[in-house]
Every structure is written in structure tokens, then in C-alpha cells.
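Asker: By numbering that gives the first Met the number 0, the letter at position 269 of the sequence shown is numbered 268, and the numbering carries on one by one without gaps.
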Amino acid sequence: MSDNLKRWLFGLDPGLAHRLGFGAAWLADRCVPQYLRRAFTLEDPILHQRIWDLDFPNPVGLAAGCDKNALLLPFWAKLGFGHAEVGSVTLRRSRGNSRPRLFRLEEDRAIINRLGLPSKGARRVARRLSSARTTGMLVGVSIARVHGRTSPIEDYRLCAAHLIPYADYLTINISCPNTSDGNTFETPEYLDDLLEVLMGEVDGRIPVLIKLSPLDTPKVVYDSQTEGILETAISRGVSGFVVTNTAKDRAGLVTDKQVLNAIGPGGLSGAPLHYRAVQMVRYIYSCVGPRYPIVGVGGIFSAEDAYRMIRAGACLLQLYTGLVYEGPSIVHNIKRGLVELLKADGFTSLQSAVGTEQRIAEVANTV
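1. Spatial neighbours of GLY181 within its chain, please: C-beta separation below 6 Å, excluding the five flanking residues on both sides.
2. Note down, one range per segment and in chain order, each beta strand (DSSP E) of at least 3 residues found wholly within the stretch 130-201.
3. Taking all protein chains shown into account, decide if CYS450 is buried (16 or more other Cβ within 10 angstroms of its Cβ) or exposed.
4. So, for GLY336: in the same chain, excluding its five sequence neighbours on each side, which residues have a beta-carbon less than 6 Å away from its beta-carbon?
5. Just how far apart, CA to CA, sit GLY60 and LEU214?
6. Using only CA atoms, which one of ALA109, ILE205, GLU226, ARG91 lies nearest to PRO151?
7. For TYR291 and TYR306, what's the separation of their Cα atoms in angstroms?
8. Taking Cβ positions, are GLY64 and GLY95 nearer each other than 7 Å?
9. Does SER351 pass the burial test, meaning 16 or more other C-beta atoms within 10 Å, or should it be called exposed?
10. Spatial neighbours of VAL280 within its chain, please: CB distance less than 7 Å, with the 5 preceding and 5 following residues excluded, ordered by chain position.
11. To the nearest angstrom, how far is the alpha carbon of VAL253 from that of PHE300?
12. Could you tell me whether the stretch 191-203 touches the stretch 261-268, where touching means 3 or more Cβ pairs closer than 8 Å?
13. Out of SER141, ASN3, GLY135, ARG108, point me to the one whose CA is closest to VAL124's CA.
14. Sort out for me which residues DSSP pairs ASN112 with in a bridge.
15. Within its chain, find whatever has a CB closer than 6 Å to the CB of PRO206; leave out the 5 residues flanking it on each side and keep chain order.
16. From the DSSP output, read off the bridge partner residues of ASP54.
17. Quick one: Cα of PRO117 to Cα of ASN172, how far?
18. Using CA coordinates, which residue listed in LEU322, GLY269, LEU4 is at the minimum distance from THR245?
19. Taking only the alpha-carbon atoms, compute the straight-line gap between LEU367 and ILE45 and give it to the nearest angstrom.
20. What are the partner residues of ALA83, as DSSP defines its beta bridges?
21. Where does SER353 fall in DSSP's three states?
22. Would you call the stretch 226-234 in contact with the stretch 282-291, where contact means no fewer than 3 C-beta pairs closer than 8 Å?
23. Among GLN317, MET136, ASP191, LYS119, which one has its Cα closest to the Cα of ARG232?
24. Measuring straight from C-alpha to C-alpha, what distance separates ARG249 and LEU15?
25. For ILE299, which three-state DSSP category applies?
26. Helix, strand or coil for VAL124 per DSSP?
27. Using C-beta distances below 8 Å, list every residue in its chain close to PRO187, excluding the 5 sequence neighbours before and after it, in chain order.
28. So PHE39 and GLY79 are supposed to be a Cβ contact under 8 Å. How far apart are they, rounded?
29. Considering Cα atoms alone, identify which of ASP28, ARG122, PRO58, ARG108 is closest to ALA42.
30. Could you work out which residue in ALA276, THR347, THR134, GLY251 is closest to ALA69 when comparing CA atoms only?
31. Using 7 Å as the limit for Cβ to Cβ distance, is PRO58 near chain B?
32. Can the beta-carbon of LEU162 be found less than 7 Å from the beta-carbon of HIS82?
33. Considering only residues of the same chain and omitting the five flanking positions on each side of ALA62, which have a CB-CB separation below 8 Å?
34. Spatial neighbours of GLU77 within its chain, please: C-beta separation below 7 Å, excluding the five flanking residues on both sides.
35. To the nearest angstrom, how far is it from the Cα of TYR155 to the Cα of THR89?
36. Mind checking ASN177: buried by the 16 CB within 10 Å criterion, or exposed?
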């Protein structure tokens with residue numbers, strides 16, 4: 000992204016800039032598709048992995064929250080993403096919270112959002128996914144629920160039923176506090192009730208992942224609730240984990256506190272979350288090992304960030320805030336840099352680098 004274009008976009012309201020960016024991407028996909036492929040395609044066998052019996056040409060994916068309603072899947076494929084996760088999708092149409100609900104923290108290279116799960120609904124997203132299957136890119140779907148007429152568990156089940164035929168994998172967003180009583184499924188007993196029903200609906204047709212929230216500190220070496228969630232998820236047949244969701248706190252920010260107070264609550268994403276997310280990946284990997292693949296999310300802006308996440312235990316990656324700040328070339332740059340870093344360290348495949356970082360307790364002591 001050119002400096003002039005970035006300054007112009009960042010001078011706009013973040014929500015408006017997002018909508019304009021989507022419009023420009025839609026236009027580019029239809030007018031200059033061959034240019035997009037030539038400019039952004041970079042594939043190398045060293046990046047290829049087969050996970051959950053799915054072929055990922057590279058580990059770089061689009062995180063949920065960017066393309067909530069599966070509007071631009073052909074465009075993301077042309078940018079070179081190895082997969083894209085749409086959503087979070089809710090069973091029924093949801094308007095989300097009132098505006099303003101999206102805020103940039105430029106000094107921190109971060110975003111705060113309190114979107115509140117705006118969604119066109121599961122039926123409409125399913126129709127779009129059905130018509131976009133020719134992209135060749137793997138597509139995951141994140142599902143969540145908002146207050147409705149049915150029970151939270153029934154909401155998840157029905158939402159999944161609409162989307163399973165068109166998804167390569169399903170991510171269960173258990174950490175968004177939009178249930179009628181404000182609770183989430185981030186306790187083992189609630190999660191067990193949810194997964195008992197949901198896994199019965201999925202019936203082994205596609206992999207199911209659980210998206211976890213970040214912990215309060217990057218120095219974590221043990222957390223009883225997290226390990227209870229992992230144990231419950233594994234006992235119910237979950238295939239892997241997405242680590243992590245946005246953070247509710249404002250730890251480590253340089254943005255003025257008065258600005259933060261004016262913004263108010265919301266989920267924090269971007270660079271300030273990176274080392275916490277890496278340590279969380281390291282922690283989850285130390286608990287579950289390579290049998291349960293981890294998708295690392297949080298503050299990935301460069302190949303070095305991506306490599307750090309992989310060495311910590313993630314075999315797949317997702318980004319969104321980095322795309323906002325760095326522009327569409329970020330995907331190509333990360334893939335090219337990863338190839339160079341892997342070869343420089345003597346790895347013959349990305350998979351052989353996963354989880355090769357030092358032990359979690361040693362790293363926690365250095366943070």
C-alpha cells in the first residue's frame with residue numbers, strides 16, 4: 000500500500016474505509032484478475048501442508064472478522080491466501096452494535112472493535128459460499144450466537160447445520176459475550192453441553208476448531224480453566240484450536256489513556272497482542288502437542304512474526320489487522336520471508352519447524 004493511499008484511507012472513519020476497501024477489492028477482482036494473480040501469487044512446496052486431510056498450499060489465512068459475510072472469497076484467493084475464515088456467522092441476521100464501533104490505534108498498530116457480531120445470517124452466507132466454491136481456496140466458517148428466540152446451544156446447532164455443506168472446517172467462537180445472560184461457553188461444563196450437541200450435528204463431516212481467548216499475561220505456564228477447556232474439547236472430538244481471539248484489556252498500549260477512555264470497551268487486535276498470542280500458542284502446543292493443529296492469530300505483520308508463531312507451535316496462521324496496516328502485499332511478503340527463514344535454518348518443510356521453539360517455562364521467564 001502506498002504511503003499516500005494509506006494516509007488517505009486512515010484519514011477516513013475506519014468503518015467507511017473498510018467499506019471502500021471492499022468496494023475497491025470487488026472492482027479489482029472483476030477488472031484486473033490476471034494482474035492480481037501475477038502481482039501476488041507466490042507458492043513454494045516448502046510451505047505446503049496436509050492438515051485434517053485438507054491441502055493447504057501455504058499457512059497464511061485471512062482471520063474471521065474481516066469478511067464476515069463471504070463477500071470477497073475470489074479476491075482473497077487471488078491475493079495468495081492459503082485459506083480464509085469467514086464470519087463470525089450468526090443463525091439469524093444481526094445488525095451488531097451501533098456506530099461508531101471500529102477504532103484505529105495508529106501509534107500501537109492496533110484496532111479496537113465492538114462490532115457486536117453483525118451478520119447477514121447463516122442461510123444467506125451459505126448461499127454465497129455455495130456460489131464461491133470454484134476459487135480453489137480452502138474456506139473455514141466461524142460461528143457464534145447473539146440473543147435470540149432459541150437457546151444458545153440450539154442457535155449454534157442450527158447455524159452449523161446451514162453452513163457445514165459449504166465449509167472446509169468450522170470454528171466455534173465460544174468467547175463472544177453475546178448470550179442473553181452475558182455468559183460465554185468458556186467454562187468446561189458449558190462447553191461440554193455445547194459440544195455434545197454440536198459434534199452430533201457435525202457428525203465427523205468436517206473438522207471442528209475451538210477459538211480461545213488470550214490470557215492476561217504472556218508469562219502463563221498453567222491455567223486451570225484453559226486446560227479444562229482443552230480437555231473437554233478433545234474428549235468431544237474437536238480437531239484443533241484457533242489461538243487467539245481479541246483481548247478485552249488495554250495492557251501495553253502507548254495510545255493516550257484519554258483516547259482509550261473515549262473509545263470505551265471493545266476487543267483489541269494487532270501488534271500489542273502478538274507476544275501474548277505467541278506465548279498462548281506455545282502454551283496450548285505444550286498441552287496438546289502436534290496431534291491437534293493450532294491456528295495462530297494475533298499481531299502478525301511480517302514474516303518474522305509468522306515464523307515466531309510457527310516455531311511456538313502454530314502450523315497455520317491468520318491475519319486481519321496486519322492487512323489493514325500493511326496492505327494486500329503483506330500476504331506475498333510473509334510467504335516469501337517464510338521461505339527464506341525456513342531454508343536459512345535448514346528446515347525442508349514448514350511442518351518440520353512447528354513447535355521447535357524452547358520450552359514454555361523458559362520463554363515465560365524471559366518475557
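Quick reminder that beta carbons are idealized off the backbone N, C-alpha and C, glycines included. All values derive from a computational prediction rather than experimental measurement.
Answerer: The structure says:
1. Summary for GLY181: the model assigns pLDDT 48, below 50, so the residue's position carries little reliability; its value from the coordinates is reported in the next sentence. Here the set comprises nothing.
2. Fully enclosed beta strand (DSSP E) runs of 3 or longer: 137-142, 168-172.
3. Residue 450 is absent from the model: the chain starts at 0 and stops at 366.
4. Once the five neighbours on either side are set aside, the close Cβ partners of GLY336 are ALA302.
5. Rounded to whole angstroms, GLY60 to LEU214 spans 23 Å at the Cα level.
6. Comparing alpha-carbon positions, the option among ALA109, ILE205, GLU226, ARG91 lying closest to PRO151 turns out to be ARG91.
7. Linking TYR291 to TYR306 through their CA atoms gives a straight-line distance of about 19 Å.
8. Not a contact, by the Cβ cut-off of 7 Å.
9. So SER351 counts as exposed.
10. Spatial neighbours of VAL280 in its own chain (CB-CB distance under 7 Å, excluding positions within 5 residues in sequence) are listed in chain order as VAL242, ILE293, GLY295, MET308, ALA311, GLY312, ALA313.
11. Taken atom to atom, the span from the alpha-carbon of VAL253 to that of PHE300 is near 18 Å.
12. The stretch 191-203 vs the stretch 261-268: no contact.
13. VAL124 has its Cα closest to that of SER141, out of SER141, ASN3, GLY135, ARG108.
14. Beta bridge pairing from DSSP links ASN112 with LEU101, GLY266.
15. Only TRP51, TYR168, SER238 meet the Cβ criterion.
16. ASP54 is bridged to ARG49.
17. Straight-line measurement puts the Cα of ASN172 at about 14 Å from the Cα of PRO117.
18. When only C-alpha atoms are compared, the closest one is GLY269.
19. Residue 367 lies beyond the residue range present for the chain, which begins at 0 and ends at 366; the question has no answer from this structure.
20. Its beta-bridge partners are LEU61, VAL138.
21. In the sequence under discussion, the amino acid at residue 353 is Val, which differs from the Ser named in the question. The answer is coil: DSSP assigns VAL353 none of H, G, I, E or B.
22. The stretch 226-234, when compared against the stretch 282-291, does touch it at the 8 Å Cβ threshold.
23. Just to set this straight, residue 232 is Ala in the shown sequence, not Arg. Each of GLN317, MET136, ASP191, LYS119 was checked against the Cα of ALA232, and the nearest Cα belongs to ASP191.
24. Within the model, the alpha-carbon separation for ARG249 versus LEU15 is close to 25 Å.
25. If DSSP states are grouped into helix, strand and coil, ILE299 belongs with coil.
26. Helix, per DSSP.
27. The residues are GLN224, GLY227, ILE228, GLU230, THR231.
28. PHE39 to GLY79, Cβ: 5 Å. Contact.
29. The residue you asked about is not Ala; residue 42 is Glu in the sequence shown. Answer by Cα proximity: PRO58.
30. The shortest Cα separation from ALA69 among ALA276, THR347, THR134, GLY251 belongs to THR134.
31. Included in the structure is just one protein chain, with no chain B present.
32. By the CB criterion at 7 Å, LEU162 and HIS82 fall outside the cutoff.
33. Non-local beta-carbon contacts of ALA62 in its own chain, meaning distances under 8 Å to residues more than five positions away in sequence, involve GLU84, VAL296, GLN317, LEU318, TYR319 in chain order.
34. For clarity, residue 77 is Lys in the given sequence; the question names Glu instead. Close CB contacts of LYS77 within its chain, under the 7 Å cut and outside five residues either way in sequence, are with ASP28, PRO32, LEU35, ARG36, PHE39 (chain order).
35. C-alpha separation (whole angstroms): 8 Å.
36. With a pLDDT of only 35 at ASN177, under the threshold of 50, the placement of this residue in the model should not be trusted, and no figure is reported.
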